[in-house]
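Numbering (our numbering), first residue to last: 369 to 611.
Each residue gets a CB set at the ideal place from its N, CA and C atoms; glycine is no exception.
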Amino acid sequence: MGLIGMILAAVLVAVLLAIVIVKFLPLKLRWLASLLLLFVAIFLGIKIYNGIMEPINFNKAKVKKFAKVVENLKIIRDAEVKHYEATGKYTANKTALISFVDTAKLALTNTRTVVEKVNKGGGIIVDVEKRVTDTIGYEPVLKYFEGKDYKNMFKVPGLEGKEFELEVGTVEKIPGLVVPTFMAKTPKAALLKGENESLIKQELEAIATDQIKGEYISVGSLDEVTTGGNWPTSYDKKGEKRE
């Protein structure tokens with residue numbers, strides 16, 4: 369029963385009891401009715417309070433669970449981005465991606481402009497500027513994952529034995545230009561198991577900008593070129609306390 373329904377029920381019960389007391393109950397027994405009214409008021413008060421607090425508590429629990437999931441998805445995204453920088457593609461191989469973070473190195477480059485003389489023919493020589501990129505060293509990918517639990521990044525926090533789904537694909541960004549894509553995700557419903565079914569249903573249909581939209585918490589996309597997640601900016605605030 370919704371909160372409005374409970375309030376209407378409380379008013380209706382109070383009115384009916386008042387009518388019964390006034391019309392049918394002897395004066396000497398009205399103390400029993402008063403006691404009954406007190407119990408009914410306490411009961412309905414508790415129901416109304418729970419009706420108010422249940423969605424509030426649901427939201428707190430949801431945000432706490434989702435925040436941990438988002439943190440792992442960010443690590444997966446960072447690993448995929450570094451893999452793309454090094455190889456020009458994403459990977460759906462979870463073991464290989466962890467190994468990549470452990471062992472791979474990224475080239476450090478320096479881009480400079482040089483001027484070359486180009487003979488245009490007929491004795492015409494012009495100066496042409498060109499950009500030249502030189503490799504000046506290498507750095508370990510692991511440097512970018514210090515303090516991050518990347519070895520367990522594919523485990524869904526709060527769900528024992530459950531891992532994120534990871535897929536790769538391609539998108540034709542413009543005619544003739546095919547770009548790699550990736551997506552990691554996990555369903556919200558499993559994370560919210562045990563909560564109010566009605567509130568879970570509302571959450572899976574969420575479309576507001578301050579909510580994680582849809583049935584999944586995800587990062588990346590197989591349909592468009594993006595490395596962003598589907599969570600609102602509140603999940604990116606550093607040091608935000610979620611209790």
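Using a C-beta cut-off of 8 Å, the stretch 548-565 makes no contact with the stretch 467-486, since fewer than three inter-stretch Cβ pairs fall below that distance. In the displayed model, T595 falls within coil according to three-state DSSP, outside both helix and strand. In the DSSP assignment, no residue is bridged to I414. With distances taken between CA atoms, L441 lies nearest to M521 out of F407, M521, A576. The three-state secondary structure of T471, taken from DSSP, is helix.
Of the candidates E507, K569, V437, V437 places its Cα closest to the Cα of D517.
Distance from the CA atom of W599 to the CA atom of I568, rounded to whole angstroms, is 17 Å. Around the CB of Q570, fewer than 16 other CB atoms lie within 10 Å, so the residue is classed as exposed. Taking every protein chain shown into account, the CB of A576 has fewer than 16 other CB atoms within 10 angstroms, so this residue is exposed. Between the alpha carbons of G529 and K523 lies a gap of roughly 7 Å. For I504, the uninterrupted beta strand (DSSP E) segment begins and ends at 492-508.
Per DSSP, E531 is not a residue of any beta strand (DSSP E), being assigned neither H nor E. Per DSSP, the continuous alpha helix (DSSP H) segment holding A558 begins and ends at 556-559.
Scanning the stretch 402-453 from its first residue to its last, no whole alpha helix (DSSP H) run of 4-plus residues comes out. Around the beta carbon of T503, fewer than 16 other beta carbons sit within 10 angstroms, so the residue counts as exposed. Residue pairing by DSSP places A552 opposite L534, V587 in a beta bridge.
Secondary structure of I580 (DSSP, three-state): coil.
Using a 10 angstroms sphere on the CB of A552, the tally of other CB atoms reaches 16 or more, which defines it as buried. By the CB criterion at 9 Å, K498 and T481 fall inside the cutoff. From the listed residues V408, I414, G597, P508, the smallest Cα separation to A475 is found for P508. The residue among S589, F532, Y584 with its C-alpha nearest the C-alpha of K541 is S589. Closest by C-alpha distance to K457, out of T601, G582, S467, V546, is V546. Between the stretch 447-455 and the stretch 463-472, the count of C-beta pairs closer than 8 Å reaches three or more; the two stretches touch.
N520 sits in a helix when the DSSP states are folded into three classes.
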